[in-house]
Amino acid sequence: MKCALIRWWMEEYIDGTLQGRRLQWMEKHLQECSACAQELAWHRSLRDALKPEILSAPPQDMWQDFQRRLAERGQPTRTFRPAWWQWGTAAAAAACVLVLGIVWWNSQPSVYEAVAPVQQSDTQNVASSAPQAGMKATERVEASVPPAPALAMGSPAVRSAGKMQATPTKRPVPSLVHNAARPLAQADRVVPLPAPQPVASLAYAEVRNEQGELVAKVVLQTTYDENGQPTAVQIECESPTAVEVESNEQPMDSSYHSDDARGSAGSPAPTAGTRPGLSD
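Numbering of the sequence shown is given in the numbering used here, commencing with residue 6 and proceeding in unit increments.
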């Protein structure tokens, strides 16, 4: 947890805005932790690489040479053309466009000539295919009807034959049935959803006494599984009072772990901080 707080303050330390006891803890921790020292060196190298370069001003001789060359160039002269010449050019261009349009219009075939051959060919195809289709339909009907048994003239079936009427039967169109079944086949395919990933949350709080002095800081870290259920809870409580004592002890060596988020007995309830850090 010490390294996490040090890395949180690293940007302020590089900018020079870190002050007070935080600056003392930062410098002492960097002397003892090689990982945080390497992280600080990497941040500084990255900031130096992304820093924009300062462009130098061009020399004064270049401006003087530019002005001299600009003065040597002569001013462009505008040639005078009479008005009748301009109108004549515009009229000639319009006449050329008109002639080209007339030639193109005359070269296009008329609408009647383009449509008439197509209509005649369609009529001939329909007229030639109609007798063939009628003959094939008659042959299919005759082949599918079985021979009727011989009946006597006085039988009831013969008398009621004149009153019966053929009822047409409706058959489903194959294309419509196939199209109606297609959405069901597409709906059967289920796209698998991506598996949820475990997440973790981090909460920070400060404990102060009635005079407003900082007593302890509490950090609560909770890990959740793929279904959103908590799997592990870690509570870490650190007391910064060891820094105020003039000794050779570490500034954060008085930390201890507790499984109760309510703090020690007799101490006030922790108040949520706006961001990880310690008040000066």
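Each residue gets a CB set at the ideal place from its N, CA and C atoms; glycine is no exception.
Check, Outcome
"Three-state secondary structure (DSSP) of Thr22", "coil"
"Lys33 (DSSP reduced to helix, strand or coil)", "helix"
"Cβ-based burial, Trp14 [other Cβ within 10 Å; buried from 16]", "buried"
"Three-way DSSP call (helix, strand, coil) for Ser7 in this model", "Before going further, note that residue 7 is Lys rather than Ser in the sequence given. Lys7 falls in the helix class under three-state DSSP."
"Assigned secondary structure, Arg78 (DSSP; H/G/I helix, E/B strand, else coil)", "coil"
"Cα-Cα separation between Leu55 and Asp230, rounded to whole angstroms", "39 Å"
"Neighbour-count burial assignment, Met67, 16 or more Cβ in a 10 Å radius", "exposed"
"Within 8 Å, strictly: CB atoms of Val223 and Ile240", "yes"
"Nearest residue (CA-CA) to Asn232, options Ala205, Arg213, Ser244, Leu51", "Ala205"
"For Ala62, the three-state DSSP class (helix, strand or coil)", "coil"
"Leu28 to Ala40 span [Cα, whole Å]", "18 Å"
"DSSP three-state assignment for Ser244, whether helix, strand or coil", "coil"
"CA-to-CA distance, Arg73 to Ala100, given in whole angstroms", "50 Å"
"Contact under 8 Å by Cβ, His48 with Lys7", "no"
"Gln113 (DSSP reduced to helix, strand or coil)", "coil"
"Inter-residue spacing [alpha-carbon to alpha-carbon] between Gln36 and Gln234", "40 Å"
"Among Glu215, Ile107, Ala208, the one whose alpha carbon lies nearest that of Val238", "Ala208"
"Rounded separation between Gly25 and Leu45 - CA only", "19 Å"
"Burial state of Leu105 (16 or more Cβ within 10 Å)", "exposed"
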